[in-house]
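Residue numbers (the numbering used here): 1320 to 1562.
The structure is reproduced here in structure tokens:
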């Protein structure tokens, strides 16, 4: 069961915050990072099929998946967020997209989807096992779940957000996701590094603090990129689960 803070979040961020949320990724300073991560996830998806976008918020990821050609259902527990998604769908005339209000820990879909996506949202689950069980039920045999989550240390880094909005922010690393997936019936698993780490180490023009100073050393970007490929997937990798 989600906290009241999750239900109230889009009310509490105000008109300016809602404007930002409905125009992502273009409105966000991390636009390049988002696009790189989503591109990596799409590279591991089958071509075409029905896609369930869990915890989609205002639906900007659902819009991108639909424009790629998937038959998309975006779901979120906040009616205001889903209504924003529906307005985007109508404004852009996207026929292969629908939105449903619902808690992803207790959805009723049964063997309807080829792909289920958790993009930066499973860490909001009070019970990630229930959310993964919803995904398992929603998938056709042979379908996949793909997750991208902030991983180890996220709860600590989000202390101010938790205090201000009362939302759920939990560590959600690959080992935890796979443990939950095994409990609900998944048997095939794969973990790869998050593309966002490669973006930060290899492609972002400016970095600050100690990281910024390190990256100014000749050759350091390449070395850091290699280290990310070798080590980061255990901290915060993209996880692919097959039913």
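Beta carbons: idealized from backbone N, C-alpha and C, even for Gly.
Per the C-alpha coordinates, the member of 1322, 1492, 1368 positioned closest to residue 1513 is 1492. If you draw a straight line from the Cα of residue 1421 to the Cα of residue 1457, it comes to about 13 angstroms. In the three-state reduction of the DSSP assignment, residue 1483 falls in the helix class, which pools H, G and I. For residue 1349, no beta strand (DSSP E) encloses it, and the DSSP letter there is neither H nor E. Closest in C-alpha terms to residue 1472, from the list 1490, 1545, 1406, 1353, comes 1490.
Taking 3 residues as the minimum length, the beta strand (DSSP E) runs contained wholly in the region 1391 to 1427 are 1416 to 1420, in order along the chain. Of the residues 1323, 1364, 1442, 1542, the one whose Cα lies closest to the Cα of residue 1521 is 1542. Residue 1495 sits in a helix when the DSSP states are folded into three classes.
The Cβ atoms of residue 1416 and residue 1358 do not sit closer than 9 angstroms to each other. Using a Cβ-Cβ distance cut-off of 8 angstroms, the region 1360 to 1376 and the region 1429 to 1439 are in contact, since at least three pairs of beta carbons, one from each stretch, lie closer than that value. Exposure of residue 1350 is indicated by the presence of fewer than 16 other C-beta atoms within 10 angstroms of its C-beta.
Taken through DSSP and simplified to helix, strand or coil, residue 1467 comes out as strand. Here the alpha carbons of residue 1343 and residue 1321 stand approximately 24 angstroms from one another.
Excluding its 5 nearest sequence neighbours in each direction, residue 1510 has C-beta neighbours in its own chain below 8 angstroms: 1493, 1497, 1552, 1553, 1556, 1557, 1558, 1559, listed in chain order. Counting only runs that start and end inside the region 1321 to 1383, the alpha helix (DSSP H) elements of at least 4 residues fall at 1323 to 1331, 1333 to 1341, 1350 to 1362. Of all alpha-carbon atoms in 1397, 1393, 1419, 1348, the one lying nearest the alpha-carbon of residue 1323 is that of 1397. Beta-bridge partners of residue 1503 (DSSP): none assigned. A straight-line Cα-Cα distance of about 14 angstroms links residue 1394 and residue 1451. In this model, residue 1447 and residue 1409 are separated by some 32 angstroms (Cα to Cα). When the beta-carbon positions are compared, residue 1436 and residue 1487 stay at least 9 angstroms from each other.
With a threshold of 16 other beta carbon atoms within 10 Å, residue 1376 meets it and is buried.
The three-state reading of DSSP puts residue 1459 in strand, counting E and B together. The residue from 1466, 1404, 1328 with its alpha-carbon nearest to that of residue 1383 is 1404.
Here the C-alpha atom of residue 1401 lies approximately 12 angstroms from the C-alpha atom of residue 1326.
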